[in-house]
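First the structure, in the form of structure tokens, and then the observations on it.
Protein chains: 2
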Amino acid sequence: PPGKKVLIVYAHQEPKSFNGSLKRVAVEELSKQGCSVTVSDLYAMQFEPRATRNDVVGCLYNSEEFDYAVETGKAYKRGGLSSDLIEEQKKVQEADLLIFQFPLYWFSMPAIMKGWMDRVLIQGFAYDLPKCYDSGLLKNKLSLFSFTTGGSKGMYTKESISGDIRYILWPMQHGIMHFCGVKVLAPHICYAPEPASEEERKEMLMAWAQRLKTLWKEEPINCSSEWYFN
Amino acid sequence: PPGKKVLIVYAHQEPKSFNGSLKRVAVEELSKQGCSVTVSDLYAMQFEPRATRNDVVGCLYNSEEFDYAVETGKAYKRGGLSSDLIEEQKKVQEADLLIFQFPLYWFSMPAIMKGWMDRVLIQGFAYDLPKCYDSGLLKNKLSLFSFTTGGSKGMYTKESISGDIRYILWPMQHGIMHFCGVKVLAPHICYAPEPASEEERKEMLMAWAQRLKTLWKEEPINCSSEWYFN
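In order, the protein sequences belong to chains C and R. For the first sequence, the UniProt record's numbering assigns the number 1 to the initial residue and increments by one for each residue that follows. For the second sequence, the UniProt record's numbering assigns the number 1 to the initial residue and increments by one for each residue that follows.
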């Protein structure tokens with residue numbers, strides 16, 4: 001609805017890809033609704049995935065023995081994180097909904113997107129101890145994992161060797177988003193768009209647009225182990 | 001035993017860290033056994049985690065619409081992958097055992113190590129379709145995930161909110177290593193070394209050295225969904 005803010009974190013190298021189309025569909029449909037949409041196009045930004053000393057501007061708390069979590073936590077508090085991280089954190093802070101759009105790489109997100117999680121979701125900003133899970137610092141936000149697979153739907157069932165697709169979602173939805181207090185909407189999965197026909201791909205894009213029309217009425221999933229493993 | 005080759009893929013920024021010590025212990029103990037040990041120190045190498053067009057030397061198969069999997073698969077066949085990838089693939093090819101040493105970041109490996117998986121384990125080299133899982137192309141190799149956690153052991157049980165630690169291992173051990181045909185040894189997990197005493201940390205290092213002494217007699221785990229979820 002008008003006024004809602006959406007951040008799409010997008011990880012595909014090729015604008016003409018099916019992931020590129022899914023991203024475009026989301027931007028169009030959400031904008032049409034009056035949402036304000038921001039895209040972090042990670043490859044286009046050449047987003048840095050490596051968690052290093054460069055993420056801290058100025059002196060270290062302990063330069064004798066570099067501890068990434070400690071240093072970035074302290075740097076966050078004094079406004080001393082590198083500017084690319086501050087930029088992303090601002091986008092997250094303002095967003096009501098985070099959409100992650102990516103092709104599944106090795107049962108997970110591409111490294112460039114994992115780097116976004118590792119570097120942006122800093123202690124003090126996204127969580128604190130014990131402020132995690134339902135009391136995580138990014139409460140009152142929603143998230144949605146939207147991704148494509150190489151394998152068909154039938155390859156991701158409990159009985160098949162690759163297992164239920166939900167097993168794969170546990171670290172991403174629960175371990176990251178829920179940990180930060182972010183509520184999780186049902187994932188949007190496009191199975192095997194590559195071998196599909198042009199017609200089928202069109203249908204998948206329309207289904208995504210259709211879902212987005214009523215997205216704000218959706219209830220988050222109950223993000224606990226039962227959803228994933230029962 | 002003498003003659004065995006080990007590749008340690010290591011992801012920590014700080015040599016003085018506990019992960020650094022675990023890596024050193026492994027190099028020392030395995031060398032003492034007469035193994036030949038190679039270390040890929042990802043941060044020191046400034047290893048590139050992003051999967052981009054730069055991974056292909058020369059012309060693309062389809063420069064109109066870049067498809068990373070297609071392009072790297074074809075480049076692998078003609079020897080046209082970027083030199084850093086060829087280098088890593090040689091190390092993998094020669095190794096009998098792959099050890100991954102890292103701190104757990106967000107229920108998974110750090111992005112720099114995920115990038116190693118995304119970029120090194122190319123179709124045609126690590127797997128092919130349908131040559132995957134037990135017939136993956138890296139058959140006859142062993143792997144072992146050795147990592148540290150922030151949380152205590154009690155935080156990673158079925159009943160706790162963070163769930164069983166094995167849920168986290170599924171994408172890494174099964175989705176990557178098993179998919180490539182690599183057998184998986186039991187993980188080596190050091191829980192919460194940070195808040196531990198110097199004495200306790202020393203014990204953890206000795207336990208790792210101790211395990212390595214009889215590592216070659218270990219049987220791989222039965223890497224199917226039962227091990228992870230039952």
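Cβ coordinates follow ideal geometry from the N, Cα and C atoms, glycine included.
Check, Outcome
"With distance defined between alpha-carbon atoms, name the residue in R:GLY150, R:CYS180, R:TYR105 and R:LEU97 nearest to GLY3 of chain R.", "R:LEU97"
"Roughly how many whole angstroms lie between the Cα atoms of HIS188 of chain C and ILE122 of chain C?", "26 Å"
"Report the neighbours of GLU65 of chain C on chain R: residues whose CB is nearer than 8 Å to its CB, in chain order.", "GLU14, LYS16 and SER17"
"Can you give the Cα-Cα distance for SER31 of chain C and GLU14 of chain R, rounded to whole angstroms?", "45 Å"
"Any heavy atom of the ligand SAH closer than 6 Å to the Cβ of ASP41 of chain C?", "By its list of ligands, the structure shown contains no ligand whatsoever, and the ligand SAH lies outside what it can speak to."
"Let me check one thing: in DSSP terms, what residues is THR148 of chain R bridge-paired to?", "R:PRO103 and R:CYS190"
"Given this structure, state the Cα-to-Cα distance separating VAL27 of chain R from GLU194 of chain R, to the nearest angstrom.", "22 Å"
"How would you write the range of the alpha helix (DSSP H) that LYS114 of chain R sits in, first residue to last?", "111 to 120"
"Taking 7 Å as the CB-CB limit, is GLY115 of chain R close to chain A?", "Annotation note: the requested chain A is absent from the structure, which comprises protein chains C and R."
"Look at the alpha carbon of PHE18 of chain R and the alpha carbon of LEU169 of chain R, and state the distance between them as a whole number of angstroms.", "21 Å"
"Going straight from the alpha carbon of ASP67 of chain C to that of LEU129 of chain R, what length do you get?", "41 Å"
"Locate the alpha helix (DSSP H) running through LYS23 of chain C, then write down its first and last residues.", "18 to 32"
"For the candidate residues R:SER36, R:ALA51 and R:LEU137, whose alpha-carbon lies nearest to that of LEU104 of chain C?", "R:ALA51"
"Just grab the DSSP bridge partners of THR38 of chain R for me.", "R:LEU7"
"Pairing CB atoms from the stretch 138 to 150 of chain C with CB atoms from the stretch 101 to 119 of chain C, are three or more of them under 8 Å?", "yes"
"To the nearest angstrom, how far is it from the Cα of VAL87 of chain C to the Cα of LEU81 of chain C?", "Note that residue 87 of chain C is Glu in the sequence shown, not Val. Distance between the alpha carbons of GLU87 of chain C and LEU81 of chain C: 10 Å."
"Any beta-carbon of chain C closer than 7 Å to the one on ARG50 of chain R?", "yes"
"State yes or no: is the beta carbon of ASP118 of chain C nearer than 7 Å to at least one beta carbon in chain R?", "yes"
"Looking at the secondary structure, which residues open and close the alpha helix (DSSP H) in which ARG78 of chain R lies?", "No alpha helix (DSSP H) holds ARG78 of chain R; DSSP gives it neither H nor E."
"Between the stretch 156 to 168 of chain C and chain R, which residues of the former have a C-beta closer than 7 Å to a C-beta of the latter?", "ILE161, GLY163, TYR167 and ILE168"
"Under the rule that 16 or more other beta-carbon atoms within 10 Å means buried, what is GLY181 of chain C, buried or exposed?", "buried"
"What does DSSP give as the partner residue(s) for LEU97 of chain R in the beta ladder?", "R:VAL6 and R:LEU142"
"When you compare the CB positions of ILE161 of chain R and TYR133 of chain C, do they come within less than 7 Å of one another, or not?", "yes"
"Can you tell me the Cα-Cα spacing of SER143 of chain R and GLY124 of chain C, whole angstroms?", "35 Å"
"Would a check of beta-carbon distances place TRP227 of chain C closer than 7 Å to chain R?", "no"
"Note down, in chain order, all residues in the stretch 95 to 110 of chain C with a beta-carbon under 7 Å from any beta-carbon belonging to chain R.", "TYR105, TRP106, PHE107, SER108 and PRO110"
"Check the Cβ of TYR43 of chain C against every Cβ in chain R and list those closer than 9 Å, keeping chain order.", "ARG50, ALA51 and THR52"
"What residue does the alpha helix (DSSP H) around ILE165 of chain C start on, and which one ends it?", "165 to 169"
"Please decide whether GLY175 of chain C counts as near chain R, where near means a Cβ-Cβ distance under 7 Å.", "yes"
"Could you give the C-beta distance for ILE99 of chain C and VAL6 of chain C, rounded to a whole number, given that I count them as a contact under 8 Å?", "6 Å"
"Could you check the C-alpha separation between TYR191 of chain R and LYS153 of chain R for me, to the nearest Å?", "6 Å"
"Suppose contacts are defined by Cβ-Cβ distances below 7 Å. Is LEU212 of chain C in contact with SER21 of chain C by that definition?", "no"
"Looking at MET117 of chain C: is its Cβ nearer than 7 Å to the Cβ of PHE145 of chain C?", "no"
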